[in-house]
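A.B. asks: First the structure, which I've put down as structure tokens, then a few questions once you've had a look.
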Amino acid sequence: MAHAKTLIMLISIILFPLSIISISALSVSFDSLLFDREFSRLGVYGQFGRENVLAINGEVLSYLKGERPSIDALFFNGREKAHLADVRALFRGMMAFAFLSAVFFAFLFLFAREKRRVAADILFTGSLALIGIMALMGTVALLDFDSSFSAFHVALFTGGTYLFDPATENIVNIYPEGLFSSFAEKIALLSSILGLLGLFGGWCMKPRNRGAEARVSGGLLLRGKRAQ
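Heads up: the sequence shown begins at 104 in my numbering, then just goes up one per residue.
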């Protein structure tokens, strides 16, 4: 029984930071206002026109969310659409992971005997792990974002399907690398903020030493009697 509890707690502590990172990535990646600001900052509007870019990006985001079965825009060629299909599969996997993690935690808290202690342990330790992951990833990205960005694609996509020629293919012009570095910073920032909030919340929820509280209460009561 003790081993089962340890295993469940370990799984929870692994799932928690990964879930927060997934939720942060989805929140940032589907923020149309953020895209608008970044397109303007990176000069994408100057190349394609604001209305055209926003219309194309709106179609892409709807497709990635699963709200439409395909991309109709002639702006992208077959290779580009194939890569967007791979990205869609990645996002849908992240959505499924976040949902299943939420279900797992809901059942865990529902059947846990000491709900407050379990929640405190997962929040505190999971948030600590999350902050550690963000610190490590942030350090690696700051040292060499280009290599990190390439390694990310190598790990998640089939070799060569994510390489495009900016002279003939639009996807790298409407979504330049600077866009992804900015999004990575915002995902890391949001994840870190949620991690700090979780760390504080977990610390506040941790059960206090009742013996110490009893001694303090007894001391105060004794002082009150002496004063009388």
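Glycine included, every Cβ here is placed at the ideal spot set by N, Cα and C.
Could you give the uninterrupted runs of the alpha helix (DSSP H) lying entirely in the segment 251-320, keeping only those of 4 residues or more?
C.D. replies: Those alpha helix (DSSP H) runs which fall completely within the segment 251-320 and span 4+ residues are 274-277 and 280-308.
A.B. asks: If you draw a straight line from the alpha carbon of residue 282 to that of residue 304, how long is it in whole angstroms?
C.D. replies: By 1-based counting over the sequence shown, the position of residue 282 is 179. By 1-based counting over the sequence shown, the position of residue 304 is 201. In a straight line, the C-alpha of residue 282 is about 33 Å away from that of residue 304.
A.B. asks: Do the segment 116-133 and the segment 284-294 touch if we need at least three Cβ pairs shorter than 8 Å?
C.D. replies: The segment 116-133 vs the segment 284-294: in contact.
A.B. asks: Check residue 133 in the structure and name its three-state DSSP category.
C.D. replies: In the sequence shown, counting from the first residue as 1, residue 133 sits at position 30. Coil at residue 133, not helix or strand.
A.B. asks: With the cut-off set at 8 Å, would you say residue 259 and residue 127 are in Cβ contact?
C.D. replies: For the purposes of this step, residue 259 is taken as residue 156 along the sequence shown, with counting starting at 1. For the purposes of this step, residue 127 is taken as residue 24 along the sequence shown, with counting starting at 1. Cβ atoms of residue 259 and residue 127: not closer than 8 Å.
A.B. asks: To the nearest angstrom, report how far apart residue 151 and residue 275 are at their CA atoms.
C.D. replies: For the purposes of this step, residue 151 is identified with residue 48 of the sequence shown, where counting begins at 1. For the purposes of this step, residue 275 is identified with residue 172 of the sequence shown, where counting begins at 1. Answer to the nearest angstrom: the Cα atoms are 13 Å apart.
A.B. asks: Starting from the Cα of residue 123, find the closest Cα among 245, 280, 253 and 236 and give me that residue.
C.D. replies: Against the sequence shown, residue 123 aligns to sequence position 20. Closest option to residue 123, Cα to Cα, is 236.
A.B. asks: Report buried or exposed for residue 120, applying the criterion of at least 16 other Cβ atoms within 10 angstroms of its Cβ.
C.D. replies: Translated into positions along the sequence shown, residue 120 becomes position 17. Answer is buried; the Cβ neighbour count reaches 16.
A.B. asks: Express the C-alpha separation of residue 139 and residue 159 in angstroms, rounding to a whole number.
C.D. replies: Within the sequence shown, numbered from 1, the residue matching residue 159 stands at position 56. Within the sequence shown, numbered from 1, the residue matching residue 139 stands at position 36. Whole-angstrom Cα-Cα distance: 12 Å.
A.B. asks: Select from 197, 238, 222 and 191 the residue whose C-alpha is nearest the C-alpha of residue 209.
C.D. replies: As a position in the sequence shown, residue 209 is number 106, starting the count at 1. With distances taken between Cα atoms, residue 209 lies closest to 222.
A.B. asks: Is the CB of residue 117 under 8 Å away from at least one CB in chain B?
C.D. replies: Here chain B cannot be found, since the structure has a single protein chain.
A.B. asks: Any contact between the segment 265-279 and the segment 183-192? By contact I mean 3 or more CB pairs, one from each, below 8 Å.
C.D. replies: Taking 8 Å as the limit for Cβ pairs, the verdict is that the segment 183-192 does touch the segment 265-279.
A.B. asks: Where does residue 115 land, buried or exposed, given buried means 16+ other C-beta within 10 angstroms?
C.D. replies: Start at 1 with the first residue of the sequence shown, and residue 115 comes out as number 12. Buried is the call here.
A.B. asks: Using three-state DSSP, classify residue 180 as helix, strand or coil.
C.D. replies: By one-based count along the sequence shown, residue 180 stands at place 77. Here residue 180 sits in coil by DSSP.
A.B. asks: Could you pull out every residue in the same chain whose Cβ sits closer than 7 Å to the Cβ of residue 225, ignoring the five residues on either side in sequence?
C.D. replies: The residue labelled residue 225 in the question sits at position 122 within the sequence shown. Closer than 7 Å at Cβ, skipping near neighbours: 115, 116 and 119.
A.B. asks: In angstroms with no decimal places, state the Cα-to-Cα distance between residue 112 and residue 170.
C.D. replies: Looking up residue 112 in the sequence shown gives position 9. Looking up residue 170 in the sequence shown gives position 67. Approximately 36 Å, taken between the alpha carbons.
A.B. asks: Do the CB positions of residue 310 and residue 219 come within less than 8 Å of each other?
C.D. replies: Here residue 310 refers to the residue found at position 207 when the sequence shown is read from its first residue. Here residue 219 refers to the residue found at position 116 when the sequence shown is read from its first residue. Yes, the Cβ-Cβ distance between residue 310 and residue 219 is below 8 Å.
A.B. asks: With distances taken Cα to Cα, identify the nearest neighbour of residue 296 among 233, 195, 254 and 251.
C.D. replies: Taking the sequence shown and counting its residues from 1, one reaches residue 296 at position 193. Among 233, 195, 254 and 251, the Cα nearest to that of residue 296 is on 233.
A.B. asks: Only counting the same chain, and skipping five residues up and downstream in sequence, which positions put a Cβ closer than 6 Å to that of residue 251?
C.D. replies: Sequence index remark: in the sequence shown, residue 251 carries index 148 (1-based). Excluding sequence neighbours, residue 251 sits near 243 and 244.
A.B. asks: Please list the terminal residues of the continuous alpha helix (DSSP H) segment that includes residue 334.
C.D. replies: The requested residue 334 is not part of the displayed model; the chain covers only 104 to 331.
A.B. asks: Please report the distance separating the alpha-carbon of residue 195 from that of residue 308.
C.D. replies: As a working mapping, residue 195 is identified with position 92 in the sequence shown. As a working mapping, residue 308 is identified with position 205 in the sequence shown. C-alpha separation (whole angstroms): 33 Å.
A.B. asks: Helix or strand or just coil, what does DSSP make of residue 172?
C.D. replies: What you label residue 172 is simply residue 69 of the sequence shown in a count that begins at 1. Residue 172: coil per DSSP, three-state reduction.
A.B. asks: Using only the alpha-carbon positions, how far apart do residue 271 and residue 240 sit?
C.D. replies: As a first step, residue 271 must be located in the sequence shown, where it is residue number 168. As a first step, residue 240 must be located in the sequence shown, where it is residue number 137. Answer to the nearest angstrom: the Cα atoms are 33 Å apart.
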